[in-house]
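What follows is a short report on a single structure.
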Amino acid sequence: MKTSIVSALSNVAAKVKNSLNGGWHGKTYAGDALKQRRMMLTLIRPTLWSSLISLCLPAYLQAEEITYLEKTPQKRLYQRQIASHSIEVGANAYEATLGLYMNLSDKPIPVVEGKSEIGFYRDLLFSSLNPRHLIISGSVYPVPLLGVALRKNHNIYDAFDFGRFNLIQSVTAGYEAPFALSAFVGNVVDYSPDKASHSINRGFMGYQFSAGKQHIKRNELIDDTWYQFEWHIKGGVKASDELLAWNLRPGVQWHSNPDIADVGYLALRRNRIDFNAPILSWLLNAGFEFKYQFEQKTFKPVSYELKLDKKFPLKKFGIALSLGFGIIHTTDRKYQGSLTDTEGDTILAIRPFIEF
2 MKTSIVSALS NVAAKVKNSL NGGWHGKTYA GDALKQRRMM LTLIRPTLWS
52 SLISLCLPAY LQAEEITYLE KTPQKRLYQR QIASHSIEVG ANAYEATLGL
102 YMNLSDKPIP VVEGKSEIGF YRDLLFSSLN PRHLIISGSV YPVPLLGVAL
152 RKNHNIYDAF DFGRFNLIQS VTAGYEAPFA LSAFVGNVVD YSPDKASHSI
202 NRGFMGYQFS AGKQHIKRNE LIDDTWYQFE WHIKGGVKAS DELLAWNLRP
252 GVQWHSNPDI ADVGYLALRR NRIDFNAPIL SWLLNAGFEF KYQFEQKTFK
302 PVSYELKLDK KFPLKKFGIA LSLGFGIIHT TDRKYQGSLT DTEGDTILAI
352 RPFIEF
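This is the structure in structure tokens:
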């Protein structure tokens, strides 16, 4: 294993050197141009490796508090209560969010204790019949945006090419927009699973409308204004030795760009860590994410996305190492016209991270 990693890194370095010496696209350089590119090699090596490390180390940091705003659990960086409303800021490597929580009634957020996983889902389902909360939020996606920036520098981006596989693309895959604005209306439930709970745990169920500009396709920005409407059931429960997070989102999405298909979709994610369970347990220390997109008019498949990750809890240190892999397969119905996919229709997704 060690030999293969060293070999892979050597191949990357060799490709970068070849690129900067003028051999990447069959071009040759001489004189001052050659000297300048060799000088760039010396300057760019540290940047190249630091970029790789920043992407592949803790890219998914979970915290003691689970906020609504994110697709993935975030660290709550700031919270301020204003009357019955609150402002919250959350972030992880993939997402940064700012949200305003507004209570539409005079009742506080209900607290549910001692429930099983099925009990959490059941309580959310029944509580959604009478919406009492409105959440206005904005999200930005740092790692996908970094992938867009690196794609603009072909020498760096192409250095991570391994045939049809690109490491930067794999680490940043799965996000189709650089940012989003959202409005959620529904209900919020606070969970305290046991007396050892040391965090604010929440569940959400309701409806969300989102919108944004620009679309990301293989780390490139495409002009597009998109709108999305979905039903949400999501949340997270964290106790002293256990973490459970879930997210179910059926919805529809429309695009102003005629070359991008309007789709319906079903997205499902579950993530669980149990520090008392066997380290190799796939049920109690694992996560998965699935998303299926289909054409709105014909219901024919547009894309499939499946990611699986294995958790390796280290109770002594209070963290869990995790490594996830997935496949994102896009059919020829996703893009038309100038966006027709000529680079292949399957992407390998990689998610290495540390969870706290």
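Here the sequence shown is numbered in the working numbering, starting from 2 and rising by one per residue.
The C-beta atom is built at its ideal place from N, Cα and C for all residues, glycine as well.
Treat the numbers as computed from the prediction; the structure is a model and nothing was measured.
Count the other CB atoms, across all protein chains shown, that sit within 10 Å of the CB of residue i; report buried if there are 16 or more and exposed otherwise.
{"i": "LEU281", "result": "exposed"}
{"i": "SER11", "result": "Summary for SER11: the model assigns pLDDT 47, below 50, so the residue's position carries little reliability; its value from the coordinates is reported in the next sentence. Exposed, by the Cβ-count rule."}
{"i": "GLY204", "result": "buried"}
{"i": "LYS108", "result": "exposed"}
{"i": "LEU245", "result": "buried"}
{"i": "ARG123", "result": "exposed"}
{"i": "ILE274", "result": "buried"}
{"i": "PRO279", "result": "exposed"}
{"i": "THR226", "result": "exposed"}
{"i": "LYS301", "result": "exposed"}
{"i": "GLY120", "result": "exposed"}
Just confirm the distance between the C-beta atoms of residue i and residue j, as a whole number of angstroms; I'd bet it's less than 8 Å.
{"i": "ILE110", "j": "VAL190", "result": "7 Å"}
{"i": "GLU290", "j": "LYS308", "result": "4 Å"}
{"i": "SER257", "j": "SER183", "result": "Not quite, the Cβ-Cβ distance comes to about 18 Å (not below 8 Å), so this is no contact."}
{"i": "ILE355", "j": "LEU324", "result": "Rounded, the Cβ-Cβ distance is 10 Å, inconsistent with contact."}
{"i": "LYS312", "j": "ASN277", "result": "Actually they do not touch by this definition, with Cβ atoms about 13 Å apart."}
{"i": "GLN209", "j": "ALA178", "result": "With a Cβ gap of about 14 Å, GLN209 and ALA178 do not count as contacting."}
{"i": "ARG250", "j": "ASN188", "result": "With a Cβ gap of about 16 Å, ARG250 and ASN188 do not count as contacting."}
{"i": "ILE169", "j": "LEU146", "result": "12 Å between Cβ atoms; not a contact."}
Taking the C-alpha atoms as reference points, what is the distance between residue i and residue j?
{"i": "LEU135", "j": "ARG165", "result": "44 Å"}
{"i": "TYR142", "j": "GLY213", "result": "12 Å"}
{"i": "ASN131", "j": "GLY288", "result": "31 Å"}
{"i": "THR299", "j": "LEU284", "result": "36 Å"}
{"i": "PRO353", "j": "VAL303", "result": "27 Å"}
{"i": "LEU221", "j": "VAL149", "result": "Contrary to the premise, residue 221 reads as Glu rather than Leu in this sequence. So the two alpha carbons sit approximately 6 Å from each other."}
{"i": "TYR293", "j": "GLY175", "result": "12 Å"}
{"i": "LYS316", "j": "ASP342", "result": "45 Å"}
{"i": "THR332", "j": "ASP346", "result": "6 Å"}
{"i": "VAL113", "j": "PRO259", "result": "46 Å"}
{"i": "TYR61", "j": "GLU96", "result": "Confidence in TYR61 is poor, its pLDDT being 31 and thus under 50, which makes the residue's placement too unreliable to answer from."}
{"i": "ASP162", "j": "ILE320", "result": "32 Å"}
{"i": "SER106", "j": "VAL90", "result": "23 Å"}
{"i": "SER87", "j": "SER171", "result": "36 Å"}
{"i": "GLY327", "j": "TYR336", "result": "21 Å"}
{"i": "TRP255", "j": "GLN229", "result": "6 Å"}
{"i": "LEU101", "j": "LYS218", "result": "30 Å"}
{"i": "THR1", "j": "ASN202", "result": "The structure shown does not extend to residue 1, since the chain spans only 2 to 357, so no value can be given for it."}
{"i": "ALA268", "j": "VAL144", "result": "21 Å"}
{"i": "LEU349", "j": "HIS330", "result": "9 Å"}
{"i": "GLY338", "j": "ILE223", "result": "13 Å"}
{"i": "PHE180", "j": "THR173", "result": "14 Å"}
{"i": "HIS233", "j": "ASN154", "result": "38 Å"}
{"i": "GLY207", "j": "ASN167", "result": "38 Å"}
{"i": "GLY252", "j": "TYR192", "result": "26 Å"}
{"i": "LYS314", "j": "ASN93", "result": "According to the sequence shown, residue 314 is Pro rather than Lys. Going from the Cα of PRO314 to the Cα of ASN93 covers about 20 Å."}
{"i": "ASN156", "j": "GLU306", "result": "29 Å"}
{"i": "ARG334", "j": "PHE318", "result": "47 Å"}
Using 8 Å as the threshold, is the stretch 259-266 in touch with the stretch 234-247, meaning 3 or more CB pairs across them?
-> Too few Cβ pairs lie closer than 8 Å, so no.
4 or more residues per run - each alpha helix (DSSP H) lying fully within the stretch 127-191 = Fully enclosed alpha helix (DSSP H) runs of 4 or longer: 143-153, 155-159 and 168-173.
Ordered list of beta strand (DSSP E) runs contained in the stretch 200-232, each at least 3 residues | Counting only runs of 3 or more, we get 202-218.
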